[in-house]
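One structure below.
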Amino acid sequence: MKNIGIIGSGSWGTALAINLAQIGHNIKIWSYAEEERDLINKEKRCKFLKDAIVPDNVYCTNSYEEALEGTDIILHVTPSKFTRETVRQYKKYVKKQVVVICSKGFERETLKTLDDVIEEELPNTKIAVLSGPSHAEEVSIEIPTALVVASKYEDVNKMLQEEFMSKSLRIYTCTDVKGVELGGALKNIIAFCAGVAAGLNLGDNSFAALITRGLKEISELGEALGGEKETFYGLTGLGDLIVTCLSEHSRNRKAGMLIGQGKTIEEARKEVGMVIESIDNIEVAYELGKRNNIEMPILNTVYDILYNNLEPTEAVTRLMLRDKKSEF
5 MKNIGIIGSG SWGTALAINL AQIGHNIKIW SYAEEERDLI NKEKRCKFLK
55 DAIVPDNVYC TNSYEEALEG TDIILHVTPS KFTRETVRQY KKYVKKQVVV
105 ICSKGFERET LKTLDDVIEE ELPNTKIAVL SGPSHAEEVS IEIPTALVVA
155 SKYEDVNKML QEEFMSKSLR IYTCTDVKGV ELGGALKNII AFCAGVAAGL
205 NLGDNSFAAL ITRGLKEISE LGEALGGEKE TFYGLTGLGD LIVTCLSEHS
255 RNRKAGMLIG QGKTIEEARK EVGMVIESID NIEVAYELGK RNNIEMPILN
305 TVYDILYNNL EPTEAVTRLM LRDKKSEF
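Numbering (my numbering), first residue to last: 5 to 332.
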């Protein structure tokens, strides 16, 4: 069994803590909030996971040093926009641990993926990414889930697969770190669009078209940014896209639904109550698409909804009446 430090006490960080603790690992979670620390330690609950019970071998602290002292593995599970700042605060406590990125997104200021950000801050550290179709609400109650761990180091892939795999977590390995990172970040944008479609009361036909054409857009951009095409049709691309577009658990879908119903961005953020990675990442993906000359009509349309006052109903018409073309 390993000693694992988790940076972030939100729904995903706590869900991973619960699941890995059930295997028998010793878990320490860092939280920025004393309220969340006390709820985990004293009541064995997480405010974001109403059905989950936190095992006794999970301990939460507000100290980076305490959370990481004596650990073998570090899971980084903070919102993407806080990644660099957070790593800078705990980097002095990183010795020989493997750092596993469990967040999905980009750094807005530099347009970089999180593996690039963390490699810049921790240049001598072995890094991996954990991603796939996984809602925290289900992982926390041990509903069977398949994930991918990706690292350029084969020994890291094998070690994490061995330590994380259980009756409720099936772990696959991959060396396409960039593809796995990009699939997780870009699918949130299409899930947001699926929410807009739901808010407009569109049907199954519309969702099927959106997911299929959305996958084409994110795979083409992902390939241009260094990912492998096959990765976008696996668990961390298509798999994650399906679960995030269709599930009631998806905060990105919920935010899009509120926009489709006429709410503002700020009203959507307030009602969802948690970080909405898709809104933060739409601007990044829009800029990356332009820089790489990738045709992305769905992304460009949702960008105009959010930032150029395009009405959602008009957006649908605009997409449907684009110039005629062949599918492939």
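Just so you know, even glycine gets a beta-carbon here, dropped at the ideal spot from N, CA and C. Since this is a predicted model, take the numbers as computed values, not measurements.
{"Item": "Would you mind giving the Cβ-Cβ distance between N256 and E281, rounded to the nearest angstrom? I have them listed as a contact below 8 Å.", "Value": "7 Å"}
{"Item": "Using only alpha-carbon positions, find the residue among A71, I44, I246 and E69 that is nearest to D60.", "Value": "I44"}
{"Item": "Can you check which of these residues, L206, N192, G17 and M278, is closest to A289 by C-alpha distance?", "Value": "N192"}
{"Item": "Give me the Cα-Cα distance between I8 and D284, rounded to the nearest whole angstrom.", "Value": "29 Å"}
{"Item": "Taking 8 Å as the CB-CB limit, is K46 close to chain D?", "Value": "The structure shown has no chain D; it contains just one protein chain."}
{"Item": "Check this for me: beta carbons of G264 and G203, under 8 Å apart or not?", "Value": "yes"}
{"Item": "Measuring CB atoms only, is the stretch 170 to 185 touching the stretch 233 to 244, in the sense that at least three cross pairs come out at less than 8 Å?", "Value": "yes"}
{"Item": "Mapping the DSSP letters down to three states, classify T177 as helix, strand or coil.", "Value": "strand"}
{"Item": "Can you grab the Cα-Cα spacing for the pair L20 / V152, in whole Å?", "Value": "14 Å"}
{"Item": "How big is the Cα-Cα spacing for C249 and Q26?", "Value": "29 Å"}
{"Item": "Go through its chain and collect everything with a Cβ distance to E291's Cβ below 7 Å, but skip five positions before and after it.", "Value": "L115"}
{"Item": "Assess contact between the stretch 129 to 147 and the stretch 101 to 119, defined as three or more Cβ pairs (one per stretch) separated by less than 8 Å. Is contact present?", "Value": "yes"}
{"Item": "Which of the three DSSP states is assigned to K116 in this structure?", "Value": "strand"}
{"Item": "In terms of DSSP beta bridges, what is I11 paired with?", "Value": "W34 and H80"}
{"Item": "Shortest alpha-carbon distance to I269 belongs to which of Y311, T149, E39 and R295?", "Value": "Y311"}
{"Item": "Just list the alpha helix (DSSP H) runs in the stretch 81 to 163, keeping only unbroken ones of 4 residues or longer that don't cross its boundaries, in chain order.", "Value": "87 to 94, 118 to 125 and 140 to 143"}
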